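Enquirer:
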Amino acid sequence: MSEYFKNLNYTLSNEDTRIEWTLQKPDLQSVFCIGGSGARVLPLIARDPKSLDVVDLSQEQLALVELRLAAARHLSRDEFLFFLGYRGGIPGNSASHDDRMELFVNLKPHLAEPTYRFWLERKNAWIPRGFILLGRWEGHFQKMGRIFREVLRLDTRPIFEAHSLEEQNKLFEKHFKPLVFKAFVRIAASEFVFNRFLYKGHFSGQSDRRTESRTPAAFIEEEFTRLFTRTLIRKNYFLQVLFLGSVAYEEGLPLEAREDILFSIKDSSTEVQYRQANLLEILKTKPYDFISLSDTISYLPELEAKLLLQNLPKETKSGSRMVIRSFLRRPPGIESSGWTKLAIEESWARDLDTTGVYEFDIFEKG
Ligand SMILES: C[S@@+](CC[C@H](N)C(=O)[O-])C[C@H]1O[C@@H](n2cnc3c(N)ncnc32)[C@H](O)[C@@H]1O
Numbered sequence: 248m249s250e251y252f253k254n255l256n257y258t259l260s261n262e263d264t265r266i267e268w269t270l271q272k273p274d275l276q277s278v279f280c281i282g283g284s285g286a287r288v289l290p291l292i293a294r295d296p297k298s299l300d301v302v303d304l305s306q307e308q309l310a311l312v313e314l315r316l317a318a319a320r321h322l323s324r325d326e327f328l329f330f331l332g333y334r335g336g337i338p339g340n341s342a343s344h345d346d347r348m349e350l351f352v353n354l355k356p357h358l359a360e361p362t363y364r365f366w367l368e369r370k371n372a373w374i375p376r377g378f379i380l381l382g383r384w385e386g387h388f389q390k391m392g393r394i395f396r397e398v399l400r401l402d403t404r405p406i407f408e409a410h411s412l413e414e415q416n417k418l419f420e421k422h423f424k425p426l427v428f429k430a431f432v433r434i435a436a437s438e439f440v441f442n443r444f445l446y447k448g449h450f451s452g453q454s455d456r457r458t459e460s461r462t463p464a465a466f467i468e469e470e471f472t473r474l475f476t477r478t479l480i481r482k483n484y485f486l487q488v489l490f491l492g493s494v495a496y497e498e499g500l501p502l503e504a505r506e507d508i509l510f511s512i513k514d515s516s517t518e519v520q521y522r523q524a525n526l527l528e529i530l531k532t533k534p535y536d537f538i539s540l541s542d543t544i545s546y547l548p549e550l551e552a553k554l555l556l557q558n559l560p561k562e563t564k565s566g567s568r569m570v571i572r573s574f575l576r577r578p579p580g581i582e583s584s585g586w587t588k589l590a591i592e593e594s595w596a597r598d599l600d601t602t603g604v605y606e607f608d609i610f611e612k613g
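Going from the sequence shown to the numbering used here is simple: count from 1 and add 247.
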């Protein structure tokens, strides 16, 4: 697994952080968060916990989280959106003045020296279009979208133009080609493609591992159709990146880009530590009040996944929460004595999640 996570895999996050952000109470003492792209980390800081440990096996992902947080704390919102690559310019600037390098240099005092050097050495990658589409995942999604639009000629752009669900459903009927989509997903969401391009042999949805009864293709086809017909996709950054190649609509910007969230991040006094380590090593070192594990448990050895809660420090306070996401493979039989499973919150999260692909396991200490 560590080999799979060696490079920069995620830069935008295919996780809708409204879930963790809602479940995390304000002003906690200590929070644990898997790093990834950092887009799930930032809103947790907006809740102003006293301390936050950002943990990831990958140094590259941690470098991105650190940069993202520095940008959120020290740039204006317009600069932040431009710097990360959500937008192509800064409103109010003269047309020739937008300069990511200048913003980056301004962030230097707020970055560790190796992080500054890491990004400086890769400047040619991010100066033109920012960071959010640099990751291997985001690159793959964009490629899929291009095949979809240019080869299969399935142009979903008019559907994204809708301002209401009613209008969207009419446009969906008119412009979506369900049979083409189905045929495409059969290939694009096959075990072969997932393993070859994204998971390097560790795909949790392959037939001998997944807990989801539908095949990956049937699952994605049904869930995406649900998103297209029951949620306003103008508000969905994940579908926009997939189908349009960028976060095209203001309403679709993810939580980290919201004005109030950025304001709270600037206002927060959270002490952030970056730890390049296996989550199991860090979780046993101290009690955390909130633990955001992303989709990491499906990749742990079965016994360690089962004993995850029982191996946390005994001093973990009552009311502490853990949020686990999973894609096609729910963590098998986590031993939960002393903890309550928050079933109502789990189904709320499943319905709310913009990506439509995650199951949630949410625990609260009794
Ligand atoms: C598992 S990924 C989840 C990303 C994506 N949402 C998905 O569906 O796969 C998030 C991050 O977890 C990190 N990671 C995976 N397993 C880990 C572990 N055991 N300890 C620490 N970090 C881990 C990876 O390096 C990656 O940056």
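Just so it is clear, CB atoms sit at the ideal spot from N, CA and C, and this is done for glycine as well. A quick note: this is a predicted structure, and the numbers were derived from the prediction, not measured.
My parser needs the alpha helix (DSSP H) runs of 4 or more residues fully inside the segment 311-342; what are they?
Expert: You should have 324-331.
Enquirer: Taking the straight line between their C-alpha atoms, what separation do you get for residue 250 and residue 305?
Expert: Any reading at residue 250 needs caution, since the residue's pLDDT is 49, under 50, leaving its predicted position unreliable; the model's value is listed next. Distance between the alpha carbons of residue 250 and residue 305: 10 Å.
Enquirer: Which stretch, first to last residue, makes up the alpha helix (DSSP H) that contains residue 404?
Expert: Its alpha helix (DSSP H) spans residues 404-407.
Enquirer: Does DSSP classify residue 379 as helix, strand or coil?
Expert: Three-state result, residue 379: coil.
Enquirer: Measure the Cβ-Cβ separation of residue 378 and residue 336 and say whether it is below 8 Å.
Expert: No, the Cβ-Cβ distance between residue 378 and residue 336 is not below 8 Å.
Enquirer: Helix, strand or coil for residue 302? Go by DSSP, reduced to three states.
Expert: Note: residue 302 maps to strand in three-state DSSP.
Enquirer: Check residue 606 in the structure and name its three-state DSSP category.
Expert: Three-state DSSP puts residue 606 in a strand.
Enquirer: Report yes if the CB atom of residue 566 is closer than 8 Å to the CB atom of residue 612, and no otherwise.
Expert: Yes. Within cutoff.
Enquirer: Can you pull the DSSP bridge partners for residue 518?
Expert: Looking at the DSSP assignment, residue 518 forms a beta bridge with 298.
Enquirer: Below 8 Å on the Cβ atoms is my contact criterion, and I expect residue 373 with residue 347 to pass it. Report the Cβ-Cβ distance as a whole number of Å.
Expert: Yes, residue 373 and residue 347 are in contact; Cβ-Cβ is about 7 Å, under 8 Å.
Enquirer: Using only CA atoms, which one of 508, 423, 504, 521 lies nearest to residue 490?
Expert: Selected option, being the one with the closest Cα: 423.
Enquirer: Find out if the Cβ-Cβ distance for the pair residue 552, residue 302 is shorter than 8 Å.
Expert: No, they are not a contact pair.
Enquirer: Count the other CB atoms within 10 Å of the CB of residue 560; is the residue buried (16 or more) or exposed (fewer)?
Expert: Label assigned to residue 560: exposed.
Enquirer: Is the distance from the Cβ of residue 476 to the Cβ of residue 416 below 8 Å?
Expert: Their beta carbons are under 8 Å apart, which means residue 476 touches residue 416 by this criterion.
Enquirer: Indicate the three-state DSSP secondary structure (helix, strand or coil) for residue 249 in the structure shown.
Expert: Bear in mind that the predicted position of residue 249 carries a pLDDT of just 41, short of 50, making it unreliable; the figure below should be weighed with that in mind. Note: residue 249 maps to coil in three-state DSSP.
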